[in-house]
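J.: Counting from 1, one number per residue, gives the positions in the sequence shown under full-length UniProt numbering.
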Amino acid sequence: METVSDAAEDVSADIETLHESIDEIGEIVDVIDGIADQTNILALNAQIEAAQAGEEGAGFAIVASEVKSLAEETQEQAGRIEATIEDVQAEIESTADQFETTTDRIDDGVDRVENALARLDDIATAIDDAAAGVGEVATAIDDQAAGSEEIAATVDLAVDEMNSLRDELETISESTREQRESVVAVRSTVRQLSKSADSAESTAENATE
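Written out as structure tokens, the structure is:
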């Protein structure tokens with residue numbers, strides 16, 4: 001039974017570490033939302049500049065509109081990621097509560113951990129999609145930077161913001177994948193705990209026969 005107890009303590013420690021990591025991802029998502037908000041404002045300013053430039057700024061006006069749409073979509077994506085993180089945290093807390101109270105529901109704990117794993121996959125995919133979109137729009141903006149000096153300056157600023165956002169998203173994507181590896185480690189420990197519990201139960205039954 002000491003083996004089961006030790007394994008349970010290991011799982012609890014792993015879950016606590018994972019919980020802290022998920023909190024960190026949530027903080028970074030807030031950063032994404034802030035950058036997207038700034039990009040949205042930048043796009044509005046760019047649209048004004050393009051309108052003032054007349055025909056010369058017509059092409060950039062379209063791109064500025066696309067940037068604004070992307071910023072809004074990124075904010076929506078950040079909201080969905082944040083909601084998913086809350087679901088993952090709920091799963092983790094539920095699993096932690098189970099380990100603190102009993103080992104009889106270990107199999108259910110495994111299911112919950114695997115559900116958290118799937119959620120993290122969803123987060124990583126969403127972040128990758130957002131990063132790809134940012135890269136495409138940044139390239140499109142750069143291609144439109146042949147207008148007046150004011151428009152060109154605005155374009156350069158927009159490209160810098162987009163590249164910064166893309167880098168931030170790539171960093172978050174890598175962080176999410178690291179958290180996924182942590183969940184895999186927790187799942188492995190949980191399964192080992194389940195085997196230890198089954199073995200202990202079998203030994204106890206044999207001893208009473």
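All C-beta atoms, glycine included, are put in the ideal place defined by N, C-alpha and C.
Report the residue from A53, E27 and N40 whose alpha carbon sits nearest the alpha carbon of E72.
T.: Looking at the Cα atoms, N40 is the closest of the given residues.
J.: Count the other CB atoms within 10 Å of the CB of A50; is the residue buried (16 or more) or exposed (fewer)?
T.: The residue in question, A50, is buried, as its Cβ has 16 or more Cβ neighbours within 10 Å.
J.: Tell me, to the nearest whole angstrom, how far the beta carbon of G26 is from that of I85; I am working on the premise that it is less than 8 Å.
T.: Rounded, the Cβ-Cβ distance is 5 Å, consistent with contact.
J.: Within the same chain, show all residues whose beta-carbon is closer than 6 Å to that of G79, passing over the 5 residues directly before and after it, in chain order.
T.: Answer for G79: no residue qualifies.
J.: Return yes when the Cβ of Q52 is within less than 8 Å of the Cβ of A61, no when it is not.
T.: No, Cβ-Cβ distance for A61 and Q52 is not below 8 Å.
J.: Could you check which residue in Q89, G54 and A36 has the C-alpha nearest to that of Q75?
T.: Nearest option by C-alpha distance: A36.
J.: At the level of alpha carbons, what is the spacing between S65 and Q77?
T.: Spanning the two alpha carbons is a distance of roughly 18 Å.
J.: If you check the beta carbons only, do I81 and V29 fall under 8 Å apart?
T.: For I81 and V29, yes; Cβs fall inside 8 Å.
J.: When the Cα atoms are used, what is the spatial distance from S69 to D87?
T.: Approximately 27 Å between the Cα atoms of the pair.
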